[in-house]
Amino acid sequence: MIIRALLISLCAFFVNSSIAQSSNKIYIDTLYRAEQNDADAQYNLGKMYENGRYVDKDYQQAFQWYQKAAQFGNTSAQYRLGVFFLDGKGVDADTDTAIEWLTLSADDNQNAQYRLGEIYQEGEKVQQDLNLAVKWYKKAAGDDKEHQFMAGDAEEGHADAQFKLGEMYAKGEGVAKDAEQAIKWLVKAANSGDPDYQYELAEFFAEGDIIERNEAKAIHWYKIAAQNNNADAQYKLAEIYEEGEIITQNYENALYWYTKAAQQAHSEAQYRLGLLYAEGKGTTQNTQLALKWLKKAAPKERDAQYRIAVTYAEGLGIEEDDKIALFWFHKAAEQNDRDAQYDLAKMYENGEGTPVNLQAALYWYQKSADQDNNDARESLEELQNKIAKQGGLPVKVNGMNLAKTRELAEAGNAEAQYHLGVMYANGEDGVPQVLILAYKWLELAAEQGHSEANKDIVTVMKNMSNKDLVQAHRLVKEYKDK
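Okay, structure coming up:
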């Protein structure tokens, strides 16, 4: 066995050594020819440095070799040089110079034609000119009657340019609005095999906003895109089969396509797949699989958070657990789900999964009522009357009632944010322990210079997984973006 292992190691050494020698030879040979002013070799050497193949990646070296090749008329190098000036790779960004090089290479380079169209359409680095954008997109797409492309290019065309051109005909941007031309170019782009364009074409036919609605063609292109592994198309196709409005309802097909999309981390598909397993549609009812997919969807889908809460609260195919239900109702309520806010308030009022906390109940009833939940309005009024008859509500948190603490925290008060974070960290004063929310409020307080928050957040982080930290950072960002 030892001898065999040694032989394998020796073979691996000689193979790797051979590959290294071969790579070195390719680089040296290319460099030699490039120094002899061979434009193709200069271009290939630029590619090596740009992509880090056979040599360390070095944009400045790539730029220098592309420049040499471009000056000898190599159109591919001229195109790359234009891109480098456009993106500021290996040289200071210079849009005017970029356009000069891209235009110079555009006679037989569809990528250059496409980039020029993109520059003039976006109008970020130069003055927007939709007519020029259309002109260049047409060249790249294969619709320039005055220009002959290199062999093979004219038949295929540039798929990105074809799609952009189709959109511009559909919207009447830089060209007269023309549904027939729009469909022509959108179909060409889809026929390139790109599943994203196939999905977008399906969306055009399904929505009917820009081109005439055609449900049969929409389904046709959804299917093609779905078969080519586009997760959005797989989700749409599953939704169509589940709803059964434009084709015969088929839960088995819905389950199949939701599964395909869910396996690609499509959160809406994960949620809908969880519902199918929960309700036994298209498959045998399976609560464990339902919860598996609902929990995968939960970081992005508040409806999934709510459904998990209901599953535990009502014991749907699983042992009832009010504490877990409270946790998930809290998550959904924090995401502004009015039904979750109402159910959470009920749990606080009735002491389900938590000690009775009428202040918390009032707060969540109010939040739900503010979103036009009539049941929440009625429950809020009943609870307020009940409290009034009992002589008021003495619940305080650090001198403030819980509702006021939340209100001030949401308004940006660092002290309130700190106290709310501590409550979530310890699971006290009427809130469950939710470290993600603890981190959110402590981080916001810490960013405002709250010294205690800076200390406490370190302790909280030690008990959080990387996945929880990612979600917590997202909640902080969402708060700041409000």
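Counting in the working numbering, the sequence shown runs from 12 upward without gaps.
Quick reminder that beta carbons are idealized off the backbone N, C-alpha and C, glycines included.
Check: Proximity below 8 Å, CB of residue 294 to CB of residue 287; Outcome: yes
Check: Cβ-based burial, residue 401 [other Cβ within 10 Å; buried from 16]; Outcome: exposed
Check: Which listed residue (423, 82, 349) has its alpha carbon closest to that of residue 49; Outcome: 82
Check: Alpha-carbon spacing of residue 363 relative to residue 284, whole angstroms; Outcome: 29 Å
Check: For residue 472, the first and last residue of its enclosing alpha helix (DSSP H); Outcome: 462–473
Check: Secondary structure of residue 203, DSSP reduced to three states; Outcome: coil
Check: Cα-Cα separation between residue 79 and residue 177, rounded to whole angstroms; Outcome: 37 Å
Check: Coil, strand or helix - residue 311 by DSSP; Outcome: coil
Check: Three-state secondary structure assigned by DSSP to residue 371; Outcome: helix
Check: Entirely enclosed beta strand (DSSP E) segments - the region 233–268, minimum 3 residues; Outcome: none
Check: C-beta contact flag for residue 144 and residue 172 at 8 Å; Outcome: no
Check: Under the three-state DSSP convention, the category residue 62 falls into; Outcome: helix
Check: Member of 398, 191, 341 whose CA lies at the smallest distance from the CA of residue 447; Outcome: 341
Check: Cβ pair residue 208, residue 217 closer than 8 Å; Outcome: no
Check: With 16 other Cβ atoms within 10 Å as the buried cut-off, status of residue 22; Outcome: At residue 22 the pLDDT is 48, less than 50, meaning the model places this residue with poor confidence and gives no usable figure here.
Check: Distance between residue 93 and residue 72 (C-alpha atoms, nearest Å); Outcome: 15 Å
Check: First and last residue of the uninterrupted alpha helix (DSSP H) at residue 385; Outcome: 385–400
Check: For residue 507, the first and last residue of its enclosing alpha helix (DSSP H); Outcome: What the structure shows of the chain is the stretch from 12 to 493, and residue 507 is not part of that stretch, so it cannot be assessed.
Check: Residue 206 classed as buried or exposed, judged by whether at least 16 other C-beta atoms fall within 10 angstroms; Outcome: buried
Check: Local Cβ density within 10 Å of residue 103, reported as buried at 16 or more and exposed below that; Outcome: exposed
Check: Residue 28, DSSP secondary structure in three states; Outcome: Model confidence at residue 28 stands at a pLDDT of 46, short of 50, so the residue's coordinates are unreliable and nothing is read from them.
Check: CA-to-CA distance, residue 56 to residue 162, given in whole angstroms; Outcome: Reliability fails at residue 162, whose pLDDT of 31 lies under 50, so the model's placement of it is uncertain and the value that follows must be treated cautiously. C-alpha separation (whole angstroms): 25 Å.
Check: Cutoff 7 Å; reference residue 317; Cβ partners in own chain excluding five residues on either side; Outcome: 343, 348, 350, 351
Check: Endpoints, alpha helix (DSSP H) assigned at residue 128; Outcome: 121–133
Check: Residue from 282, 220, 219, 274 whose Cα sits closest to the Cα of residue 250; Outcome: 282
Check: Nearest-angstrom Cβ-Cβ length linking residue 247 and residue 267, presumed shorter than 8 Å; Outcome: With 8 Å as the limit, residue 247 and residue 267 do not qualify as a contact, their Cβ atoms being about 14 Å apart.
Check: Own chain residues within Cβ distance below 7 Å of residue 228, not counting five before or after; Outcome: 216
Check: Same chain only: Cβ atoms within 7 Å of residue 308, ignoring 5 sequence neighbours per side; Outcome: 278, 281, 282, 285, 315
Check: Anticipated Cβ contact below 8 Å, residue 77 with residue 69, distance rounded; Outcome: Actually they do not touch by this definition, with Cβ atoms about 12 Å apart.
Check: Alpha helix (DSSP H) segment containing residue 86, residue limits; Outcome: 86–98
Check: First and last residue of the uninterrupted alpha helix (DSSP H) at residue 437; Outcome: 425–437
Check: Helix, strand or coil at residue 224 [DSSP, three-state]; Outcome: coil
Check: Backbone secondary structure at residue 216 - three-state DSSP; Outcome: helix
Check: Coil, strand or helix - residue 291 by DSSP; Outcome: coil
Check: Own chain residues within Cβ distance below 6 Å of residue 326, not counting five before or after; Outcome: none
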